[in-house]
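Number of protein chains: 2
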Amino acid sequence: MLNRAAAQRVRTFAPRTDIAREGEKPKDVHLILNGWACRYKQLEDGRRQIVSFFLPGDICDLNIFILREMDHSIGTITPVSIADLSREFFDEISTGYPRVATAFWWETLVNAAIQREWTMNLGQRTASERMAHLLCELFFRLRLAGLAEDNSCSFPLTQADLAEATGLSKVHVNRTLQELRANNLIVLKGKMLVLPDLERLMSAGLFNANYLHLDREGRQLDANE
Amino acid sequence: MLNRAAAQRVRTFAPRTDIAREGEKPKDVHLILNGWACRYKQLEDGRRQIVSFFLPGDICDLNIFILREMDHSIGTITPVSIADLSREFFDEISTGYPRVATAFWWETLVNAAIQREWTMNLGQRTASERMAHLLCELFFRLRLAGLAEDNSCSFPLTQADLAEATGLSKVHVNRTLQELRANNLIVLKGKMLVLPDLERLMSAGLFNANYLHLDREGRQLDANE
DNA sequence: GTACCATACTAACATAAGTTATTGAATGCG
DNA sequence: CGCATTCAATAACTTATGTTAGTATGGTAC
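Chains S and H, in that order, are what the protein sequence lines are. Counting along the first sequence from 1, when you hit position 92 you're at 98 in the working numbering, and nothing is skipped either side. Counting along the second sequence from 1, when you hit position 173 you're at 179 in the working numbering, and nothing is skipped either side.
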């Protein structure tokens, strides 16, 4: 499946550019092959909120073409390459391969669960809990994608990105990271994140991985499918 | 379709009770026939966040049974009656009626869009913007469901509910509502909400209805389908 | 009607987080 | 290599929102 996907149109984007913009008619489903991207929304006065991150292997909004226009934008963090999956390709795959269709639903439901957890994160957690939680989530997801070492991962987000994702100011993000550092919960330097004690970071962020549904009953695809 | 749904098992719940709980195995899809409910998440220390509201006609988490366990709870606000749609009923419907399947996708995508907007709401909007935005959203959705008059609707949420949905304290919710009242943006008394000037409330909340996708290209069901 | 409970409201005070501004350290570019 | 730009760090100060605690109001059960 993934091979066939890769055989579709592949495009690459520079860092800090838009893959799709709010207001556009959504045409394809995007599969992230490489790099980090994010979904964000913007208010008229410029306030910006990152509402989710895309890591390699993630699919943006299945069946999005059912909607008339995009209600958010998708932008890159690092250089990114994506495969565009057309509506036709997509329909064909999902009717022809029921297990693939199930896997698509799984992806959709997990994305929704992540979005709910973000709502919780912004609504209830304090700044440092919120930051710890976000770092845990990204680390777990990277690990699942095979992109993390034992206790570290590459980490291309700037403090400004973290501010837009957590709803905090840049200054407060800095303060919060200092605090996590002072407690030996993170080592973050030069696009590299080390988590010396994941357990403690998880409890600092009141992080419970259940919402990521890592068991993935419906996620039985292998690369040849 | 809706008739057949109603022919499934129907249950009623008292106000302020749980329909489903975090940790349970999700068995059915729930269709709200009557009343208001909400989805919420809770931290170990008791902090609670309402992550979405369900109004009559809403469906909770299509295909949720693909996941192994619930990552959130569903509770009632008012008395509620629901139809439980079994996995089998659901599969049968969606394979037999492609337009229904499309409508299901539409529902799923709009719910995701609403969840993203909530993330934006909590992350970027001030208390009064946030409150104004939430009131606009509920009013638009009620109107779509045929449950609003010209500029008013029944409104069973307490200030405590609003606090849990907006991530504000109860006291600040009260202050915020006073402010909206003082600006003649709302009249809220005894379970009834009046919006004397929807346009102004919308701009106070930086509300743009695009994320609700009211055009609903994929939402062509009528009651007989 | 009285008692009770949930909800709404108010006030005084505490604090987490935002703002503005400056500096220093990396990083990339011509 | 030097310059420019982005990013990170810090400081001083402001403000939005939270906390605690109490009073008022309104519905409803007996």
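Cβ atoms here follow ideal geometry from the backbone N, Cα and C, with glycine treated the same way.
| Looking at the C-beta of Thr-101 (chain H), does it have a partner C-beta in chain S at a distance below 7 Å? | Your numbering for residue 101 (chain H) matches position 95 in the second sequence. So no, Thr-101 (chain H) is outside the interface.
| Nearest chain H C-beta to Thr-125 (chain S) closer than 7 Å, yes or no? | Reading the first sequence from its first residue, position 119 is the one you call residue 125 (chain S). Yes, Thr-125 (chain S) lies at the interface with chain H (some Cβ there is under 7 Å from its Cβ).
| Taking the alpha-carbon positions, what's the Gln-14 (chain H) to Leu-91 (chain H) distance? | Indexing the second sequence from 1 puts residue 14 (chain H) at position 8. Indexing the second sequence from 1 puts residue 91 (chain H) at position 85. If I take the Cα positions, the gap works out to 7 Å.
| said: If we define contact as Cβ-Cβ less than 7 Å, is Gln-14 (chain S) a contact residue for chain H? | reply: The count along the first sequence starts at 1 and reaches residue 14 (chain S) at position 8. It does not; no Cβ of chain H falls within 7 Å.
| field | For Leu-183 (chain H) and Leu-194 (chain H), believed in contact at Cβ under 8 Å, the rounded distance | value | As a first step, residue 194 (chain H) must be located in the second sequence, where it is residue number 188. As a first step, residue 183 (chain H) must be located in the second sequence, where it is residue number 177. Right, their Cβ atoms sit about 6 Å apart.
| message | Beta-carbon within less than 6 Å of Gly-41 (chain H)'s beta-carbon, same chain only, minus the 5 sequence neighbours each way: which residues are those? | response | Numbered from 1 along the second sequence, position 35 holds the residue referred to as residue 41 (chain H). Same-chain partners within the cutoff: Thr-84, Pro-85 and Val-86.
| query | What number of angstroms, rounded off, separates the C-alpha of Glu-231 (chain S) from the C-alpha of Asp-221 (chain H)? | reply | Here residue 231 (chain S) corresponds to residue number 225 of the first sequence, with the count starting at 1. Here residue 221 (chain H) corresponds to residue number 215 of the second sequence, with the count starting at 1. In this prediction, Glu-231 (chain S) has a pLDDT of 47, which is less than 50 and means its spatial position is unreliable; what the coordinates show is noted afterwards. So the alpha carbons of these two residues sit roughly 36 Å apart.
| Per DSSP, the bridge partner or partners of Ile-38 (chain S) | The residue you call residue 38 (chain S) lines up with position 32 of the first sequence. Answer is S:Ile-88.
| message | Checking 7 Å against the spacing of the C-beta atoms, do Ala-118 (chain H) and Ala-118 (chain S) come in under that value? | response | Within the second sequence, the letter at position 112 stands for residue 118 (chain H). Within the first sequence, the letter at position 112 stands for residue 118 (chain S). Contact annotation: Ala-118 (chain H) and Ala-118 (chain S) have beta-carbon atoms nearer than 7 Å.
| task | May I ask you to report which of helix, strand or coil DSSP gives Asp-24 (chain H)? | result | In the second sequence, counting from the first residue as 1, residue 24 (chain H) sits at position 18. Correct three-state label for Asp-24 (chain H): strand.
| Looking at Leu-199 (chain H) and Cys-142 (chain H), is the spacing between their C-beta atoms short of 7 Å? | The residue given as residue 142 (chain H) occupies position 136 in the second sequence. The residue given as residue 199 (chain H) occupies position 193 in the second sequence. Not in contact: Cys-142 (chain H) and Leu-199 (chain H) (Cβ atoms no closer than 7 Å).
| said: For Ala-154 (chain H), list the residues DSSP reports as bridge partners. | reply: The residue you call residue 154 (chain H) lines up with position 148 of the second sequence. Answer by DSSP bridge pairing, in chain order: H:Cys-159.
| query | In the DSSP assignment, what residue or residues form a beta bridge with Arg-54 (chain H)? | reply | As a position in the second sequence, residue 54 (chain H) is number 48, starting the count at 1. Answer is H:Gln-48.
| query | Going along chain H in order, which residues have a C-beta closer than 7 Å to the C-beta of Arg-53 (chain S)? | reply | As a working note, residue 53 (chain S) is residue 47 in the first sequence. Residues of chain H passing the Cβ test: Gln-130.
| query | Using DSSP with H/G/I as helix, E/B as strand and the rest coil, what is Met-198 (chain H)? | reply | Locating residue 198 (chain H) in the second sequence gives position 192, where the first residue counts as 1. Here Met-198 (chain H) sits in strand by DSSP.
| field | Where Ile-80 (chain S) sits in the DSSP three-state scheme | value | As a first step, residue 80 (chain S) must be located in the first sequence, where it is residue number 74. Ile-80 (chain S): strand per DSSP, three-state reduction.
| request: Report buried or exposed for Glu-113 (chain S), applying the criterion of at least 16 other Cβ atoms within 10 angstroms of its Cβ. | output: In the first sequence, the residue the question calls residue 113 (chain S) occupies position 107. The Cβ neighbour count for Glu-113 (chain S), taken over all protein chains shown within 10 Å, is at least 16; the residue is labelled buried.
| query | Beta-carbon of Asp-34 (chain S) versus every beta-carbon of chain H: anything under 7 Å? | reply | For the purposes of this step, residue 34 (chain S) is identified with residue 28 of the first sequence, where counting begins at 1. No, Asp-34 (chain S) does not count as interfacial toward chain H.
| query | What residues match up with Arg-15 (chain H) in a beta bridge as DSSP calls it? | reply | Counting from one through the second sequence, the residue named residue 15 (chain H) turns up at place 9. Per DSSP, H:Asp-90.
| Does the separation of the CB atoms of Gly-52 (chain S) and Leu-128 (chain H) fall below 7 Å? | Locating residue 52 (chain S) in the first sequence gives position 46, counting from the first residue. Locating residue 128 (chain H) in the second sequence gives position 122, counting from the first residue. Result no, Cβ atoms of Gly-52 (chain S) and Leu-128 (chain H) do not sit closer than 7 Å.
| query | How many Å lie between Leu-61 (chain S) and Arg-22 (chain S) at the Cα? | reply | Against the first sequence, residue 61 (chain S) aligns to sequence position 55. Against the first sequence, residue 22 (chain S) aligns to sequence position 16. Rounded to the nearest angstrom, the two C-alpha atoms are 15 Å apart.
| So what's Phe-59 (chain H) in DSSP terms, helix, strand or just coil? | Locating residue 59 (chain H) in the second sequence gives position 53, counting from the first residue. Annotated three-state conformation of Phe-59 (chain H) is strand, per DSSP.
| field | Reference Asn-214 (chain S); option with closest CA among S:Ala-151, S:Ala-107, S:Glu-185 and S:Glu-135 | value | Along the first sequence, one-based indexing puts residue 214 (chain S) at 208. Asn-214 (chain S) has its Cα closest to that of S:Glu-135, out of S:Ala-151, S:Ala-107, S:Glu-185 and S:Glu-135.
| said: Does any residue of chain H have a CB that is nearer than 7 Å to the CB of Gly-81 (chain S)? | reply: Position 75 of the first sequence, counted from the first residue, corresponds to residue 81 (chain S). At least 7 Å separates the CB of Gly-81 (chain S) from every CB of chain H.
| said: Using DSSP's beta-bridge definition, name the partner residues of Ile-65 (chain S). | reply: Position 59 of the first sequence holds residue 65 (chain S). Looking at the DSSP assignment, Ile-65 (chain S) forms a beta bridge with S:Leu-37.
| task | May I ask you to list, following chain order, the residues of the segment 207-219 of chain S that have a beta carbon less than 9 Å from some beta carbon of chain H? | result | For the segment 207-219 of chain S, the beta-carbon criterion of a distance under 9 Å to any beta-carbon of chain H is satisfied by Leu-212, Asn-214, Asn-216, Tyr-217, Leu-218 and His-219.
| query | Which residues in the same chain as Asp-34 (chain S) place their Cβ atom closer than 7 Å to its Cβ, once the five residues preceding and following it in sequence are excluded? | reply | In the first sequence, the residue the question calls residue 34 (chain S) occupies position 28. Sequence-distant Cβ neighbours of Asp-34 (chain S) in its own chain, meaning closer than 7 Å and more than five residues away, are Asp-90, Leu-91 and Ser-92.
| query | Are three or more beta carbon pairs between the segment 162-178 of chain S and the segment 74-84 of chain S nearer than 8 Å? | reply | As far as the Cβ criterion goes, the segment 162-178 of chain S touches the segment 74-84 of chain S, which means the pair count is three or higher.
| said: Tell me the residue span of the alpha helix (DSSP H) that contains Phe-110 (chain S). | reply: Residue 110 (chain S) sits at position 104 when you count from the first residue of the first sequence. Secondary structure note for Phe-110 (chain S): its alpha helix (DSSP H) is the uninterrupted segment 104-130.
| message | Quick check: is the beta carbon of Arg-22 (chain S) nearer than 7 Å to any beta carbon in chain H? | response | Here residue 22 (chain S) corresponds to residue number 16 of the first sequence, with the count starting at 1. Under the 7 Å criterion on CB atoms, Arg-22 (chain S) is classed as non-interfacial with respect to chain H.
| query | So is Glu-123 (chain H) buried or exposed if we call it buried at 16+ other beta carbons inside 10 Å? | reply | By one-based count along the second sequence, residue 123 (chain H) stands at place 117. With 16 or more other Cβ atoms within 10 Å, it is buried.
| task | Just grab the DSSP bridge partners of Val-179 (chain H) for me. | result | As a working mapping, residue 179 (chain H) is identified with position 173 in the second sequence. Under DSSP, no beta-bridge partner is assigned to Val-179 (chain H).
| How about Lys-31 (chain S) and Glu-75 (chain S): do their beta carbons lie closer than 7 Å? | Residue numbering aside, residue 31 (chain S) sits at position 25 when the first sequence is read from its first letter. Residue numbering aside, residue 75 (chain S) sits at position 69 when the first sequence is read from its first letter. Cβ distance < 7 Å, so Lys-31 (chain S) and Glu-75 (chain S) count as in contact.
| field | In DSSP terms, what Ala-43 (chain H) is bridged to | value | Taking the second sequence and counting its residues from 1, the one referred to as residue 43 (chain H) is at position 37. Ala-43 (chain H) is bridged to H:Phe-60 and H:Thr-82.
| request: Can you say whether Thr-172 (chain S) is buried or exposed, counting buried as having 16 or more other CB atoms within 10 angstroms of its CB? | output: As a position in the first sequence, residue 172 (chain S) is number 166, starting the count at 1. By the C-beta density criterion, Thr-172 (chain S) is buried, having at least 16 other C-beta atoms within 10 angstroms.
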